[in-house]
């Protein structure tokens, strides 16, 4: 955990210094700072997935408190994602890029000391956290292995890519985890792709900013309401509600392809497509978009009575598309928290970091697949293909989670059913079977 904290802050500092150097020498160099993403992800998984569960178990209760803790942490994370661009924008408005880099580097240094102090204090005060190192003798050992076989093959297991995947696949919550990972292959998440799509069809930037803020508010509301739904319906049913709600709302994105104002015309694009034209269009994406600003600015006047922009083009399609994405964030974060809760409880502690690490890798793989799809089909007239593909993956993720629900319910019928959402003591939690934990 401390290594993740050090790597996170010092990679942030080095990124600021490298960018400052790039501005100073006034050359268009490529500065690769993607390594900065490694450490925040690891720190997030340590705190959100591992430490949170250990600290909740110490308090004497598990399910409801874990649901509330996950909801609070996720809500704070979402609020930080909303506020940080606003604060950074204000900083850039009043200072230069060089000054902003220096301020960010100084902030990262100060936050490193503060976070380190808080985490060390928490670590020393928690008996389970401080003894965790002695309890986790092997990260990847299977339950059927003997201690001798585990110690002799530990190094080979850690180095083996396939054994890591087999550990992940062997988890009883594999289908639920896969369902969550499939949601990452999407262009329906208010990323830069959706913003560019909105600009290409003439939606004003202030409207897109409002809809993006609406999506953030819906995400925070979904995270907060998760604890309420979990208390009423249970973790697994809350996940079903979140998945179904998201899928129903995102179906409007597919409908928007055929609404007035949609640029959907794949036949015209593909019939004139050549390798050279595709390559030139790809290279054009790396050119400064300053020449496009005037065109975009002229489209910032909308006639809401007729739902058209200043050019007379209907915005019904893109408005429906972005509204569907914004409102679907409510269900998305409910499903995300429910599946995360299930994985936390059902995964053995010795394999928890491995399972969540593989889960994050698979999620990012699907995210890269989405980027590759957009590179192959970069035109707004073919963006509908990306929308249909993303929605197909969303439905597949929902089906994978429903399959997990049906499969685990069939197993639980063999045992007496307990009350929904029962609160367990620390000792009772240790004795629970994996499937029973999933049901809660």
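Residue numbers (this note's numbering): 412 to 851.
Even glycine gets a Cβ: it sits at the ideal position worked out from N, Cα and C.
Values in this document were obtained by computation on a predicted structure and should not be read as measured data.
Inter-residue spacing [alpha-carbon to alpha-carbon] between residue i and residue j
i: residue 659; j: residue 597; result: 15 Å
i: residue 444; j: residue 774; result: With a pLDDT of 47 at residue 444, under the threshold of 50, the modelled position of that residue is not reliable, and no figure is offered here.
i: residue 356; j: residue 786; result: This structure cannot speak to residue 356, because the chain is shown only from 412 to 851.
i: residue 547; j: residue 538; result: For residue 547, the pLDDT reaches just 41, beneath the cut-off of 50, and the residue's location in the model is therefore unreliable, although a value from the coordinates is still provided. Distance between the alpha carbons of residue 547 and residue 538 is about 15 Å.
i: residue 580; j: residue 737; result: 33 Å
i: residue 603; j: residue 535; result: 42 Å
i: residue 764; j: residue 670; result: 45 Å
i: residue 588; j: residue 607; result: 30 Å
i: residue 526; j: residue 599; result: 34 Å
i: residue 821; j: residue 637; result: 25 Å
i: residue 517; j: residue 673; result: 47 Å
i: residue 717; j: residue 605; result: 23 Å
i: residue 498; j: residue 529; result: 24 Å
i: residue 506; j: residue 797; result: 39 Å
i: residue 578; j: residue 755; result: 15 Å
i: residue 676; j: residue 667; result: 13 Å
i: residue 495; j: residue 515; result: 12 Å
i: residue 520; j: residue 480; result: 28 Å
i: residue 504; j: residue 752; result: 41 Å
i: residue 502; j: residue 513; result: 12 Å
i: residue 766; j: residue 823; result: 23 Å
i: residue 761; j: residue 750; result: 19 Å
i: residue 784; j: residue 571; result: 30 Å
i: residue 772; j: residue 780; result: 12 Å
i: residue 511; j: residue 625; result: 28 Å
i: residue 623; j: residue 500; result: 16 Å
Exposed unless 16 or more other CB atoms sit within 10 angstroms - verdict on residue i
i: residue 758; result: buried
i: residue 592; result: buried
i: residue 847; result: Its pLDDT being 47, under 50, residue 847 is placed unreliably by the model, and the measurement read from it follows with that caveat. With 16 or more Cβ atoms within 10 Å of its Cβ, residue 847 is classed as buried.
i: residue 643; result: exposed
i: residue 714; result: exposed
i: residue 509; result: exposed
i: residue 590; result: buried
i: residue 686; result: exposed
i: residue 747; result: buried
i: residue 782; result: exposed
i: residue 531; result: exposed
i: residue 573; result: exposed
i: residue 690; result: exposed
i: residue 732; result: buried
i: residue 621; result: exposed
i: residue 478; result: buried
i: residue 491; result: exposed
i: residue 688; result: exposed
i: residue 788; result: buried
i: residue 609; result: buried
i: residue 709; result: In this predicted model, residue 709 has a pLDDT of only 41, less than 50, meaning its place in the structure is not dependable enough to derive any value.
Residue interval of the alpha helix (DSSP H) (run including residue i)
i: residue 677; result: 677–682
i: residue 577; result: 572–580
i: residue 636; result: 616–644
i: residue 776; result: 760–787
i: residue 748; result: 727–757
i: residue 811; result: 794–823
i: residue 585; result: 585–593
i: residue 529; result: 508–536
i: residue 606; result: 603–611
Contact under 9 Å by Cβ, residue i with residue j
i: residue 486; j: residue 634; result: yes
i: residue 745; j: residue 601; result: no
i: residue 653; j: residue 743; result: yes
i: residue 482; j: residue 664; result: no
i: residue 533; j: residue 466; result: yes
i: residue 594; j: residue 769; result: no
i: residue 661; j: residue 739; result: yes
i: residue 730; j: residue 799; result: no
i: residue 523; j: residue 632; result: no
i: residue 819; j: residue 647; result: yes
i: residue 489; j: residue 630; result: yes
i: residue 627; j: residue 493; result: yes
Checklist entry - Three or more C-beta pairs closer than 8 Å, one from the stretch 651–667 and one from the stretch 806–816: is that the case here? => result yes
Item to check | the stretch 602–620 in contact with the stretch 716–734 per 3-pair CB rule at 8 Å | outcome: yes
Checklist entry - Counting pairs of beta carbons, one from the stretch 787–802 and one from the stretch 676–683, are three or more of them closer than 8 Å? => result yes
Checklist entry - Does the stretch 814–822 come close enough to the stretch 580–589 to have 3 or more Cβ pairs within less than 8 Å? => result yes
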